[in-house]
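For reference, each letter of the sequence shown is one residue, going 24 to 661 in the numbering used here.
Glycine included, C-beta positions come from ideal geometry on N, C-alpha and C.
Worksheet: the structure to be examined is printed underneath.
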Amino acid sequence: MAVILFEVNGTTVEITANDGENLLDVARKANVAIDAPCSGNGVCGKCRIRLLEGALDAPENRHLSQEEYASGWRLACCAKVLGDAKIEVPDIASAYRSRMKMADLSSPEEVAIFLNTEKQIADAGMALGSDLRSLTVCLSEPTIDDAMPDNERLIRAIRAQTGCDRVQLSFSALQKLAEALRRSGFCVKCVASVRKESVTVLDVLAGDSDAPLTGIAMDLGTTSLAALLVNLETGAILAKGSGGNGQIRFGADVINRMIESSRPGGRKRLQDAVIAESIVPLIEELCANAGVRQESVYRMVLAGNTTMNHLLLGLFADPIRMEPFVPTFFRAEGVLARDIGLPLHPEAALVLAPNIGSYVGGDITAGTFSSMIWNRPELCLFIDLGTNGELVLGNNEFLMSCACSAGPAFEGGDISCGMRATDGAIEACAIDPMTLEPTLTVVGGCAPAGICGSGIIDIIAELFRTGAINGKGKLIRESERIVHDEHGMGSYVLAWQRDTGGVKDVVINEVDIDNFIRAKGAIYSATATMLAALDLDASMIERVYVAGGIGSGINMRNAVTIGMFPDIPIGQFSYIGNSSLTGAYAMLLSSGALEKVEELGASMTYLELSNVPGYMDAFVAACFLPHTDATLFPSVCV
Numbered sequence: 024m025a026v027i028l029f030e031v032n033g034t035t036v037e038i039t040a041n042d043g044e045n046l047l048d049v050a051r052k053a054n055v056a057i058d059a060p061c062s063g064n065g066v067c068g069k070c071r072i073r074l075l076e077g078a079l080d081a082p083e084n085r086h087l088s089q090e091e092y093a094s095g096w097r098l099a100c101c102a103k104v105l106g107d108a109k110i111e112v113p114d115i116a117s118a119y120r121s122r123m124k125m126a127d128l129s130s131p132e133e134v135a136i137f138l139n140t141e142k143q144i145a146d147a148g149m150a151l152g153s154d155l156r157s158l159t160v161c162l163s164e165p166t167i168d169d170a171m172p173d174n175e176r177l178i179r180a181i182r183a184q185t186g187c188d189r190v191q192l193s194f195s196a197l198q199k200l201a202e203a204l205r206r207s208g209f210c211v212k213c214v215a216s217v218r219k220e221s222v223t224v225l226d227v228l229a230g231d232s233d234a235p236l237t238g239i240a241m242d243l244g245t246t247s248l249a250a251l252l253v254n255l256e257t258g259a260i261l262a263k264g265s266g267g268n269g270q271i272r273f274g275a276d277v278i279n280r281m282i283e284s285s286r287p288g289g290r291k292r293l294q295d296a297v298i299a300e301s302i303v304p305l306i307e308e309l310c311a312n313a314g315v316r317q318e319s320v321y322r323m324v325l326a327g328n329t330t331m332n333h334l335l336l337g338l339f340a341d342p343i344r345m346e347p348f349v350p351t352f353f354r355a356e357g358v359l360a361r362d363i364g365l366p367l368h369p370e371a372a373l374v375l376a377p378n379i380g381s382y383v384g385g386d387i388t389a390g391t392f393s394s395m396i397w398n399r400p401e402l403c404l405f406i407d408l409g410t411n412g413e414l415v416l417g418n419n420e421f422l423m424s425c426a427c428s429a430g431p432a433f434e435g436g437d438i439s440c441g442m443r444a445t446d447g448a449i450e451a452c453a454i455d456p457m458t459l460e461p462t463l464t465v466v467g468g469c470a471p472a473g474i475c476g477s478g479i480i481d482i483i484a485e486l487f488r489t490g491a492i493n494g495k496g497k498l499i500r501e502s503e504r505i506v507h508d509e510h511g512m513g514s515y516v517l518a519w520q521r522d523t524g525g526v527k528d529v530v531i532n533e534v535d536i537d538n539f540i541r542a543k544g545a546i547y548s549a550t551a552t553m554l555a556a557l558d559l560d561a562s563m564i565e566r567v568y569v570a571g572g573i574g575s576g577i578n579m580r581n582a583v584t585i586g587m588f589p590d591i592p593i594g595q596f597s598y599i600g601n602s603s604l605t606g607a608y609a610m611l612l613s614s615g616a617l618e619k620v621e622e623l624g625a626s627m628t629y630l631e632l633s634n635v636p637g638y639m640d641a642f643v644a645a646c647f648l649p650h651t652d653a654t655l656f657p658s659v660c661v
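Listed below in structure tokens is the structure:
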């Protein structure tokens with residue numbers, strides 16, 4: 024047995040390991056976060072660690088230069104334990120525990136999004152307000168002559184107050200009833216679900232209790248989480264928060280996570296990673312920031328993709344990835360937060376936005392709702408860019424959805440210096456056409472450490488616009504910024520290590536560009552395939568709504584320039600941010616919105632692209648800048 028010491032942000036984590044054991048597996052057992060988007064397959068080069076003492080069986084790797092290897096840098100997934108060792112896990116901005124960039128909901132723009140959500144709900148004829156409400160109920164005190172049980176006395180009073188004959192108490196309310204009544208002189212505050220025909224009492228509080236009635240809306244992403252703590256009686260956002268999804272250390276994409284879940288103990292490991300390591304700390308943070316007890320949270324609405332929903336509930340997810348691609352559920356009803364260990368009120372319901380298909384989940388139904396394309400007469404396209412790409416095409420008469428295997432490139436995966444939208448990520452870029460010198464915008468205003476999705480779009484568009492790369496993504500100009508390795512592969516240097524003080528130069532190379540061209544080709548070909556299936560063309564699209572947390576926003580002109588979006592007037596594009604979270608907020612705020620999202624999930628057509636003849640031809644044709652058919656991009660190919 025060997026003793027491995029992991030040095031993480033000034034903290035030492037010690038664990039024993041067997042000789043020959045994979046170092047990445049050892050780190051996972053020790054709950055040490057090492058970013059491994061490819062889940063240890065040796066292809067991404069992101070799981071860098073530094074050997075400080077001892078030895079590892081770790082051969083040289085194409086992802087490490089000779090200088091880096093000589094300095095002790097290794098890839099954890101390619102290293103095996105030889106004996107006692109001391110390992111440095113660098114605090115790089117791409118680590119999954121880094122702060123995910125989340126739009127500031129206190130800014131006028133973001134407040135407007137949520138206020139507009141309330142307006143859109145009202146304009147669509149749906150009433151604001153959920154079924155959860157507070158009822159102040161005052162009872163006559165029992166006497167020898169009136170010895171009716173407490174529960175019957177309360178039920179009778181609630182019937183008289185609401186007009187509903189069917190009134191029932193939850194077990195947790197029944198447990199608190201007698202004490203609450205006598206402590207508050209038989210005048211209590213009941214938290215209840217009040218529907219047309221029934222009332223269910225969830226909690227009984229003292230009549231003068233000022234505890235707010237709250238709920239949580241959460242976007243459960245493959246990479247990150249974002250959540251709101253909401254006062255259900257006023258709609259006010261009490262707190263906001265975001266963080267990484269702890270499952271990321273088992274792979275950046277859902278396929279690797281499903282594979283991990285099928286291994287012994289895998290489902291439990293993945294469930295613990297997302298709940299105990301990610302969701303529970305975020306709930307605690309929200310409640311602490313708002314000064315709200317966790318027991319005052321009576322509902323949680325969560326929007327996530329189909330795989331995330333299954334792994335959250337600890338379900339067997341392997342059938343999702345295997346033909347005929349059948350999930351365990353599209354709608355999961357009757358789930359309580361306590362069923363999966365969430366520390367909320369014991370009767371708090373966990374509401375999952377409904378899935379549509381194996382790879383189009385509740386995040387898209389929630390996002391489709393918030394885009395409001397279902398309530399518009401014009402033909403609209405909704406695109407969600409994240410770890411994968413999901414699209415919805417339609418209007419108030421029909422909706423068609425699909426998912427494309429764009430890979431994790433939009434969140435920095437498959438890109439040598441790619442990272443998520445955290446501090447240090449290049450999120451926008453302009454390049455001088457004469458000198459090829461870049462002007463960078465960096466998340467957090469600090470030194471650049473890598474490139475996030477919106478930055479990659481800008482960089483490739485700018486390199487193409489300045490003639491630095493050709494339609495195949497090959498570097499064809501000469502500059503101090505363009506370097507070639509011993510194998511002849513070209514790279515464009517965005518920031519020199521000597522200037523940033525980082526681990527290495529921040530670059531984008533020809534392999535990165537090729538990977539991103541395939542990702543953008545998947546988005547465009549998915550759009551084209553859906554249009555063709557309906558005998559439509561891109562000129563008929565009147566509005567495009569782009570969502571996703573790949574930066575503060577997307578330069579739509581640049582996205583068209585590289586052929587990711589159809590070449591239609593730029594004024595028809597809108598960036599709507601985290602539409603999944605907005606939709607979850609609407610579902611929490613309005614019973615009508617919740618019913619509409621469920622209706623969208625049940626009525627939307629799901630197109631499985633792999634079964635569509637011609638899709639692969641469309642994809643191959645789109646893997647060029649901007650496209651092999653220049654007539655499709657008249658504003659670019661002039």
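Next item on the list: Starting from the C-beta of W519, find all residues in its chain whose C-beta is less than 7 Å away, skip the five residues before and the five after it, and write them out in chain order.
Entry: One-based indexing of the sequence shown puts residue 519 at position 496. The beta carbon of W519 sits closer than 7 Å to the beta carbons of D528 from its chain, once the five residues preceding and following it are set aside; these are given in chain order.
Next item on the list: Please list, in chain order, all residues of the same chain as K69 whose beta carbon is under 7 Å from its beta carbon, the five residues on each side excluded.
Entry: Residue mapping note: residue 69 aligns to position 46 of the sequence shown, counting from 1. The residues are D58, A59, P60, S117.
Next item on the list: My understanding is that E22 touches L155, with C-beta atoms under 8 Å, so please give their C-beta distance in whole angstroms.
Entry: Given a span of 24 to 661 for the chain in the structure shown, any question on residue 22 remains unanswerable.
Notebook entry, point to check: Hey, out of C101, A78, I577, whose CA is closest to L87's CA?
Noted result: Along the sequence shown, read from residue 1 onward, the residue named residue 87 stands at position 64. Among C101, A78, I577, the Cα nearest to that of L87 belongs to C101.
Item checked: Three-state class that DSSP yields for K219 in the structure shown -> As a position in the sequence shown, residue 219 is number 196, starting the count at 1. Residue state, collapsed to three classes: coil.
Margin query: Bridge partners for I474 per DSSP, in chain order?
Written below: In the sequence shown, residue 474 corresponds to position 451, counting from 1. DSSP output for I474 lists G441, I449 as bridge partner(s).
Notebook entry, point to check: Rounded to a whole number of angstroms, what is the C-alpha to C-alpha distance between G63 and V465?
Noted result: Translated into the one-based positions of the sequence shown, residue 63 becomes position 40. Translated into the one-based positions of the sequence shown, residue 465 becomes position 442. Each residue's alpha carbon lies about 29 Å from the other.
Checklist line | Nearest-angstrom Cα separation, counted from I492 out to A656 | finding: One-based indexing of the sequence shown puts residue 656 at position 633. One-based indexing of the sequence shown puts residue 492 at position 469. The sequence as given places Phe at residue 656; Ala does not occur at that position. Those two C-alpha atoms are separated by around 18 Å.
Next item on the list: With G600 as the anchor, note down where its beta strand (DSSP E) starts and where it stops.
Entry: As a working mapping, residue 600 is identified with position 577 in the sequence shown. First-last for G600: undefined, no H or E at that position.
Notebook entry, point to check: Can you list, in chain order, the stretches of the alpha helix (DSSP H) that have 4 or more residues and sit fully within the segment 219-292?
Noted result: Listed in chain order, the alpha helix (DSSP H) runs fully inside the segment 219-292 are 277-284, counting runs of at least 4 residues.
Note to self: Using C-beta distances below 7 Å, list every residue in its chain close to A203, excluding the 5 sequence neighbours before and after it, in chain order.
What the structure shows: Numbered from 1 along the sequence shown, position 180 holds the residue referred to as residue 203. Counting only Cβ-Cβ distances below 7 Å, and skipping sequence neighbours, we find V211, V227, L228, A229.
Margin query: Pairs of beta-carbons, one from the segment 593-611 and one from the segment 384-394, closer than 8 Å: are there three or more?
Written below: Yes, the segment 593-611 touches the segment 384-394.
Notebook entry, point to check: Among S381, E356, G441, which one has its Cα closest to the Cα of A372?
Noted result: Residue mapping note: residue 372 aligns to position 349 of the sequence shown, counting from 1. The residue with the shortest Cα to Cα distance from A372 is E356.
Notebook entry, point to check: Between which two residues does the beta strand (DSSP E) containing K109 stretch?
Noted result: Position 86 of the sequence shown holds residue 109. Counting along the chain, the beta strand (DSSP E) containing K109 begins and ends at 103-112.
Notebook entry, point to check: Where I387 and S319 are concerned, what is the direct C-alpha to C-alpha distance, given to the nearest angstrom?
Noted result: Sequence index remark: in the sequence shown, residue 387 carries index 364 (1-based). Sequence index remark: in the sequence shown, residue 319 carries index 296 (1-based). Spanning the two alpha carbons is a distance of roughly 29 Å.
Next item on the list: Taking A582 as part of the alpha helix (DSSP H), name the residues at either end of that continuous run.
Entry: The residue you call residue 582 lines up with position 559 of the sequence shown. Counting along the chain, the alpha helix (DSSP H) containing A582 begins and ends at 579-584.
Note to self: Using 8 Å for Cβ pairs, my map puts G606 next to A376. What's the rounded Cβ distance?
What the structure shows: For this step, residue 606 is matched to residue 583 along the sequence shown. For this step, residue 376 is matched to residue 353 along the sequence shown. Right, the Cβ-Cβ distance comes to about 7 Å (below 8 Å), so this counts as a contact.
Notebook entry, point to check: Among the residues of its own chain, which have a CB less than 7 Å from the CB of T584, if the five just before and after it don't count?
Noted result: As a working note, residue 584 is residue 561 in the sequence shown. Counting only Cβ-Cβ distances below 7 Å, and skipping sequence neighbours, we find A484, F487, R488, P649, V659.
Notebook entry, point to check: In or out: C452 buried (at least 16 other Cβ within 10 Å) or exposed?
Noted result: Within the sequence shown, the letter at position 429 stands for residue 452. It counts as buried.
Next item on the list: Could I get the ranges of all uninterrupted beta strand (DSSP E) runs contained in the segment 364-422, with 3 residues as the minimum, in chain order?
Entry: As far as the segment 364-422 is concerned, its whole beta strand (DSSP E) runs of at least 3 residues are 372-375, 403-408, 412-417.
Next item on the list: Could you tell me which residues DSSP pairs with W96 in its beta bridges?
Entry: The sequence position of residue 96 within the sequence shown is 73, counting from 1. According to DSSP, which records beta bridges pairwise, W96 is partnered with R73.
Note to self: Measuring only the C-alpha atoms, how far is L617 from A53?
What the structure shows: As a first step, residue 617 must be located in the sequence shown, where it is residue number 594. As a first step, residue 53 must be located in the sequence shown, where it is residue number 30. The straight-line gap from Cα to Cα measures roughly 41 Å.
Next item on the list: My understanding is that A240 touches L604, with C-beta atoms under 8 Å, so please give their C-beta distance in whole angstroms.
Entry: On the sequence shown, position 217 is the one that residue 240 refers to. On the sequence shown, position 581 is the one that residue 604 refers to. Between A240 and L604 a beta carbon distance of about 6 Å is seen, short of the 8 Å cut, so the two are scored as contacting.
Notebook entry, point to check: DSSP beta-bridge partners for H507?
Noted result: To locate residue 507, count along the sequence shown from 1; it is residue 484. Looking at the DSSP assignment, H507 forms a beta bridge with G513.
Notebook entry, point to check: What residue range is occupied by the uninterrupted beta strand (DSSP E) comprising S157?
Noted result: As a first step, residue 157 must be located in the sequence shown, where it is residue number 134. Where S157 is concerned, the enclosing beta strand (DSSP E) starts and stops at 155-161.
Notebook entry, point to check: Given 8 Å as the limit, is there contact between the segment 551-558 and the segment 628-648, that is, 3 or more CB pairs closer than that?
Noted result: The segment 628-648 and the segment 551-558 touch, with three or more beta-carbon pairs separated by less than 8 Å.
Margin query: Does the segment 473-480 come into contact with the segment 430-450, if we say contact requires no fewer than three beta-carbon pairs (one atom in each stretch) closer than 8 Å?
Written below: Yes, the segment 473-480 touches the segment 430-450.
Next item on the list: State the Cα-Cα distance for the pair V188 and I306, rounded to the nearest angstrom.
Entry: Start at 1 with the first residue of the sequence shown, and residue 188 comes out as number 165. Start at 1 with the first residue of the sequence shown, and residue 306 comes out as number 283. The sequence given here places Asp at residue 188; Val does not occur at that position. Between the alpha carbons of D188 and I306 lies a distance of about 36 Å.
Checklist line | Contact under 7 Å by Cβ, M627 with L402 | finding: Within the sequence shown, numbered from 1, the residue matching residue 627 stands at position 604. Within the sequence shown, numbered from 1, the residue matching residue 402 stands at position 379. No, the Cβ-Cβ distance between M627 and L402 is not below 7 Å.
Notebook entry, point to check: Considering R322, what are the terminal residues of the beta strand (DSSP E) in which it resides?
Noted result: Taking the sequence shown and counting its residues from 1, the one referred to as residue 322 is at position 299. 320-327 is the span of the beta strand (DSSP E), which, as asked, contains R322.
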